[in-house]
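Same order as they appear, the protein sequences are chains W and G.
When the count follows our numbering, it moves up by one through the first sequence with no breaks and lands on 329 for the last residue.
When the count follows our numbering, it moves up by one through the second sequence with no breaks and lands on 1293 for the last residue.
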Amino acid sequence: MIELSGLTKRYGEKVAVNNLTFTVRPGIVTGFLGPNGAGKSTTMRMMLGLDRPTAGDVRIDGQHYDRLKDPLKYIGALLDAKAMHGGRSAFNHLLCLAQSNGIPRSRVHEVLDTVGLTSVARKKAKGFSLGMGQRLGIAGALLGDPRILMFDEPVNGLDPEGIHWIRNLMKSLAAQGRTVFVSSHLMSEMALTADHLVVIGQGRLLADTSMADFIAQNSRSHVRIRTPQRERLLDVLHGAGILVVETGGGVLEVDGGKSEHIGELAAQHQIVLHELSPQRASLEEAFMQLTAESVEYHAHADTPAPAPAGELGRFEQPAPQWGDDWTRS
Amino acid sequence: MSTPQHPTPQAPPAWQGAPGPAYATAGPVYTSPIPIVRTHLGHAITSEWTKIRSVRSTMWTLGVFVLLVVGIGLLAGAIVAANATEGDLADDTALSFGFFGLLLGSMCIITLGVLTTASEYGTGMIRTTMVACPSRGRVLAAKAVVFFAVAFVVTLVSTGFVAMVHVGMLGDARQPTGSEWLKATFGVSLYIALLGLISLAVGSVIRHSAGAITIMIGVLLAPLVIAIFMFSSSLEGLRQALFEYSIPSQMSVFYSSSLSDSGPTGWDPLWIALGVTAVVLGGAFALLEKRDV
C-alpha cells in the first residue's frame, strides 16, 4: 500500500507535481495515467525517495521509503530500462542489487529464469535490445519478491508478445495480493490491465476511480439509426418516450444502450431500418478530453485551448488506434 | 475512491523494527518466502565490490596503472643503472626512481575514482542503486571504502615491487632506512589512494565523468605548470607556494627528494591530503543528501 498526501514538487517556478493525494491499494493493478510531462515519473521518483518532495509526504506501508531497512523486499521498481551500467553482465547487475539487500544469490537465477534471460545472463547489458533491457529491469524489480511493484511505462519499446507477457505478469502479481502501480500515457493499454485508475495532468489529480466507473462515466454510449421512414420512426420513438437527436445526414442518435428496444419498436410498426448500431465513445478520447481540460485550465486564455485532437502532438509516438489491442489479447 | 474498503485490522509483522501504524487493506497482502534481513554497510560494501570488479573500466585503469608504475619504474632504473658513474648515486636512495611512473600512474587512479561515482550518473544506474539502498550516505561510504581498499592495495603492491627491484638494481646507491622504505611504499600508496578518494568525491559532486576527470587532472598538474611559467618577480611568493604544494611536488616528498627545499616535509603531504579528502568527501556527503538523484 502506498499513500500519498499533498505531494508537491516544484522546480523553481514550475510546479511539476501539485498537491497529489491518493492511495494505491494491494490486490489490484492501479494504472497511473497522464500525458507525457504530466508528472508521472517525478511522482514515482518521489515515492522511491529519489527526489525530495517540496511539500507533502509518501508512505510505503506506513513508512517513509528511506527508512525501509530492506527496500527491495518492500518495493520492486522498474523506472527506466536503461538505468544500468551497460558494461556489466545481466547476472552481475542483479547480483550487486541482491547483495545490497542481503538477498540470496540463488534468487538471481530464479528471476533471470522468470523473465527468460537465463541464456544471456553472462552477456553485457549494452548488447541488449530495448525489450531485453525491460525484462532485465523487471527482473530487478522482482528480485526481492516485493509486496509492492511499480512500473514506469513498462510496455515502451516492447513487441506484442512482450506487451502480452507484461500484462499477464502484472495481473498475476496483483492476484497474489501484491500492490501493482503502473504508469502509462496510453489509455488503451490501461483499459486492458488496470482495475483502478489514477489520472493526472499538469501535475494535478484529475481522477481517482475504478476502471469500471471510469468507463461508465466517460464512454457515452448511443445508438445510431438511419431509416428511409424518418418521420414515422420519430413519432414511434416519441410515443415510447425515447429522446432522439438528429445529427444531420439523415442520422438519428439515441442516448443509452437501447438498440434492442428500438429494433423491436421498429419491427412492431413495420419501419425499415438501414442502420441500427450501438456506438461507444473511445476511452482514449475521454482521457484526452479529461487531460486537455487540465491544460486549458492553466492556459488562462492567452493561447487558444488545445483541441483534444491537438493533444496527439504531445505524445512522443503516435498513439495506437483505439481497439488495436482488443484483438491481440 | 469508490472501491469499498473492508478494514482488516492487521497485526504489525514481527519483523518490523519500529511499530508502524496499522493500515487497512482491501484483501490479503502478499508475504514473501524470502527471509527478511536488516541491511547494513556490509551489504552495501559487498554490492559495491561486485560492481567495481564486474566492469571492464576497472581492469583497464588498474592495468594501465600497473603498467605505468612498473614499466616506467623499471625503465628509469635500467637507464640510471646503465649510465650512472661511480659516486653519482651515493647521496640518493634507489627508491626515488619510482616517482616518475607513479606520477603518471596517478592519473589512472584519479580516473577510476571518478568513474566509481560519476559513471553511475552517466548510465542511470544511480537510480537503481539508490532505490535498492535509500540510505545515500551508506552508498557513498561503501563506494569510498571499496575504492580506497582497491586503490591502496594495487598501489602498495606496484610501488613495493618497483622499490625492491630498484634497490637490487642500483647497488651503488645509499641503502634506504626503514622509515624511507615505509614512506616510499606504504606512505605514498596511502597518498595516491587518498588522491583517488578525492576524485571519487568530486565525481559524486560533478556527476559527469569527463568533467570530473578534467578537473582532477587540472588539480594534479595545473599548479606546477602555472608555477613554471610564472615569471613575474612580484608573484615570487605565490609561485613558490604553488610549486611546493603542487601534488607532484608533495608526492616527491615521500621519496625524500623534494622538488624544492622548503615546503612540506616528512609525512606532511599525507596529513594535507587527509584534510582535503575529509573536506571534499564531507561536501559530497552533504550534497548527496540534499540533491535529487
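Each residue gets a CB set at the ideal place from its N, CA and C atoms; glycine is no exception.
Using beta carbons (cut-off 8 Å, strictly below), is arginine 1038 of chain G in contact with chain W?
With its beta carbon less than 8 Å from one in chain W, arginine 1038 of chain G belongs to the interface.
Look up histidine 196 of chain W in the DSSP assignment and say whether it is helix, strand or coil.
Under the three-state reduction of DSSP, histidine 196 of chain W is assigned to strand.
From what residue to what residue does the alpha helix (DSSP H) around arginine 232 of chain W run?
Arginine 232 of chain W: member of the alpha helix (DSSP H) spanning 230–239, first to last residue.
Reducing DSSP to helix, strand and coil, say where threonine 1128 of chain G ends up.
Three-state DSSP puts threonine 1128 of chain G in a helix.
Counting Cβ pairs closer than 8 Å, one from the stretch 1205–1218 of chain G and one from the stretch 1111–1128 of chain G, do we hit at least three?
Result yes; three or more Cβ-Cβ pairs closer than 8 Å.
CB-CB length for valine 1293 of chain G against isoleucine 1126 of chain G, believed under 8 Å
That pair is a contact at about 6 Å.
Quick one: grab the DSSP three-state call for proline 260 of chain W.
Note that residue 260 of chain W is glutamate in the sequence shown, not proline. Here glutamate 260 of chain W sits in helix by DSSP.
As assigned by DSSP and simplified to three states, the class of isoleucine 1034 of chain G
Looking at isoleucine 1034 of chain G - three-state DSSP - the assignment turns out to be coil, as it is neither helix nor strand.
Measure the C-alpha to C-alpha separation of phenylalanine 1254 of chain G and methionine 132 of chain W and round it to an integer number of angstroms.
If you take the alpha carbons of phenylalanine 1254 of chain G and methionine 132 of chain W, they lie about 51 Å apart.
From what residue to what residue does the alpha helix (DSSP H) around aspartate 213 of chain W run?
If you look at aspartate 213 of chain W, you'll find it in the alpha helix (DSSP H) that goes 211–218.
Looking only at C-alpha atoms, which of W/Pro278, W/Asp255, W/His185 and W/Ile242 sits nearest to phenylalanine 32 of chain W?
Measuring from the Cα of phenylalanine 32 of chain W, the nearest candidate turns out to be W/His185.
Against lysine 1183 of chain G, what residues of chain W qualify as contacts under a CB-to-CB distance less than 9 Å, listed in chain order?
By Cβ distance, chain W contributes nothing, its closest Cβ being about 37 Å from lysine 1183 of chain G, past 9 Å.
Taking 8 Å as the threshold (beta carbon to beta carbon), is arginine 204 of chain W in contact with chain G?
Among the CB atoms of chain G, none fall inside 8 Å of the CB of arginine 204 of chain W.
So, leucine 1220 of chain G versus leucine 1281 of chain G, is the Cβ gap smaller than 8 Å?
It is not a contact, given that the beta carbons lie outside the stated cut-off.
For the beta strand (DSSP E) holding histidine 222 of chain W, just list the boundary residues, first then last.
Judged by DSSP secondary structure, histidine 222 of chain W falls within the beta strand (DSSP E) whose first and last residues are 221–226.
Assuming leucine 117 of chain W and alanine 139 of chain W make a contact with CB atoms under 8 Å, what is their CB distance in whole Å?
With a contact defined as Cβ atoms closer than 8 Å, leucine 117 of chain W and alanine 139 of chain W qualify at about 6 Å.
Kindly list the residues whose CB is nearer than 8 Å to the CB of proline 320 of chain W, restricted to its own chain and excluding five residues on each side of it in sequence; keep chain order.
Unreliable positioning characterises proline 320 of chain W in this predicted model, as indicated by a pLDDT of 44, which lies under 50. The coordinate reading is nonetheless provided below. Excluding sequence neighbours, proline 320 of chain W sits near Leu186 and Ser188.
Interface partners of glutamine 176 of chain W on chain G, CB under 7 Å
Simply Tyr1030.
If we define contact as Cβ-Cβ less than 8 Å, is cysteine 1133 of chain G a contact residue for chain W?
Cβ-Cβ to chain W under 8 Å: yes for cysteine 1133 of chain G.
Residue from G/Leu1095, G/Ala1084, G/Phe1100 and G/Ser1054 with nearest C-alpha to leucine 1067 of chain G
The shortest Cα separation from leucine 1067 of chain G among G/Leu1095, G/Ala1084, G/Phe1100 and G/Ser1054 belongs to G/Phe1100.
Could you list the residues in the stretch 1047–1078 of chain G with a C-beta less than 9 Å from some C-beta on chain W, going in chain order?
Of all residues in the stretch 1047–1078 of chain G, Ser1047, Glu1048, Trp1049, Thr1050, Lys1051, Arg1053, Ser1054, Val1055, Arg1056 and Ser1057 have a Cβ within less than 9 Å of some Cβ in chain W.
Measuring straight from C-alpha to C-alpha, what distance separates alanine 74 of chain W and leucine 1200 of chain G?
Note that residue 74 of chain W is tyrosine in the sequence shown here, rather than alanine. Between the C-alpha atoms of tyrosine 74 of chain W and leucine 1200 of chain G there is a straight-line separation of about 31 Å.
How is the beta strand (DSSP E) around methionine 1 of chain W delimited, first residue to last?
Careful: methionine 1 of chain W lies outside any beta strand (DSSP E) and carries neither H nor E.
Please list the residues of the stretch 1131–1159 of chain G that have a C-beta atom closer than 7 Å to any C-beta atom in chain W, keeping them in chain order.
Those would be Val1131, Ala1132, Cys1133, Pro1134 and Ser1135, in chain order.
Have a look at W/Ala281, W/Ile242 and W/Glu246 and flag the residue whose alpha-carbon is nearest the alpha-carbon of isoleucine 262 of chain W.
Per the Cα distances, W/Ile242.
Note down the Cα distance separating isoleucine 1228 of chain G from alanine 1163 of chain G, rounded to an integer number of angstroms.
Straight-line measurement puts the Cα of alanine 1163 of chain G at about 29 Å from the Cα of isoleucine 1228 of chain G.
C-alpha gap between alanine 1222 of chain G and threonine 1265 of chain G, whole angstroms
Taking the CA atoms as reference points, alanine 1222 of chain G sits about 21 Å from threonine 1265 of chain G.
Using a C-beta cutoff of 8 Å, does valine 15 of chain W count as contacting chain G?
No, valine 15 of chain W does not count as interfacial toward chain G.
Is the shortest distance between the beta-carbon of leucine 72 of chain W and the beta-carbons of chain A less than 8 Å?
The structure shown contains no chain A; its protein chains are W and G.
Looking at chain W, is there any beta carbon in it that lies within less than 8 Å of the beta carbon of proline 1021 of chain G?
Residue placement at proline 1021 of chain G is flagged as unreliable, the pLDDT there being 38, under the threshold of 50; a coordinate-derived value is accordingly withheld.
Can you check the stretch 1144–1188 of chain G for any alpha helix (DSSP H) of at least 4 residues that lies completely inside it and give the ranges in chain order?
Listed in chain order, they are 1178–1182.
For chain G, check one thing: does any of its Cβ atoms lie closer than 8 Å to the Cβ of isoleucine 163 of chain W?
Interface residue (Cβ-Cβ distance to chain G less than 8 Å): isoleucine 163 of chain W is not classified as such.
State the Cα-Cα distance for the pair serine 1232 of chain G and valine 1188 of chain G, rounded to the nearest angstrom.
Roughly 33 Å separates the two Cα atoms.
My guess is that histidine 196 of chain W and threonine 30 of chain W are in contact by the Cβ rule of under 8 Å, so how many angstroms apart are they, rounded?
Right, the Cβ-Cβ distance comes to about 5 Å (below 8 Å), so this counts as a contact.
Which of helix, strand or coil DSSP assigns to asparagine 341 of chain W
Beyond the ends of chain W as shown, which are 1 and 329, falls residue 341 of chain W; an answer cannot be given.
Using the beta-carbon of each residue, which ones in chain W are nearer than 8 Å to histidine 1043 of chain G?
Under a criterion of Cβ atoms nearer than 8 Å, the residues of chain W adjacent to histidine 1043 of chain G are, in order, Gln99, Ser100, Asn101 and Gly102.
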